[in-house]
Amino acid sequence: MSRACDSPPPAQQSFLVRRRTALPLVVLLLALPLILFTSHPWPEIGILDYSLNTLGYLLIFGGIIGRLWATLYIGGRKAETVMRTGPYSIVRHPLYVSNLLLGIGFGLLTENFILLGAIVVFFVIQYTATIRFEERLMLERFGEAYRSYQRDVPRFLPNFTRYTDEPPVSIHMPALRKELLTSLCFIVLIPVIQLVVLLQELGVVRHIIIP
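In the working numbering, the protein residues as written are 317 to 527.
Quick look at the structure:
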């Protein structure tokens, strides 16, 4: 599953797990100088620029849709059952897969390969620790039911041939509202990044060119 349930005391958790919510914000703050004061050597209007932006948009909106889809199924039920339908039938951690799509999408949108590489490395380190922790909890809670789920469904690379669907009996509205607000924040980031690029082009924001 993509959210921990009945977590043990913080002292028993690794630093990456304890700070799994705050760390992405820290990474974002550290990335701000790269976003604001660096730029790429290729022209803003060209095939490479267009390709990176298009792929970035697709991944961002794919990540948003993936998070909303997963929330419809797991919202409010994370500690009650081993979810095996919808997005959880093709991958065990659809929320984290969606987060990775979002991270790569925004990295591509900045057209900064150093930042993109840092995002990928951060996600690999962060989610490797978090997923191991959460799966251990799920095994302790659900035993053979979750062990069977591990055998049938891949951890992080979706297998669409295993897709099965059974619409959720109910929708947990507080979780859905929270996710909609989160999605809005992601969408707002897009014009913010484009504004930074425009200000760099106009010379309002002084920046250096990096490969």
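Just so you know, even glycine gets a beta-carbon here, dropped at the ideal spot from N, CA and C. None of these values were measured; they are calculated from a predicted model.
Asked                                                                                                                                                                : Found
What number of angstroms, rounded off, separates the C-alpha of residue 433 from the C-alpha of residue 498?                                                         : 24 angstroms
Residue ranges of each alpha helix (DSSP H) run of no fewer than 4 residues wholly in the region 349–402, ordered along the chain?                                   : 363–390
In whole angstroms, give me the CA-to-CA distance for residue 508 and residue 438.                                                                                   : 22 angstroms
Identify the residues that DSSP records as bridge partners of residue 525: which are they?                                                                           : 355
Applying the criterion that 16 or more other CB atoms from any shown protein chain within 10 Å of the CB defines a buried residue, is residue 383 buried or exposed? : buried
Give the secondary structure of residue 413 by DSSP, where H, G and I count as helix, E and B as strand, and everything else as coil.                                : helix
Quick check: the region 435–451 against the region 335–350, are there 3 or more CB pairs under 8 angstroms?                                                          : yes
I'd like the list of long-range same chain contacts for residue 431, defined as Cβ closer than 6 angstroms, with 5 residues on each side in sequence excluded.       : 347, 350 and 423
Just to confirm before moving on: does the CB-CB distance between residue 380 and residue 502 stay below 8 angstroms?                                                : yes
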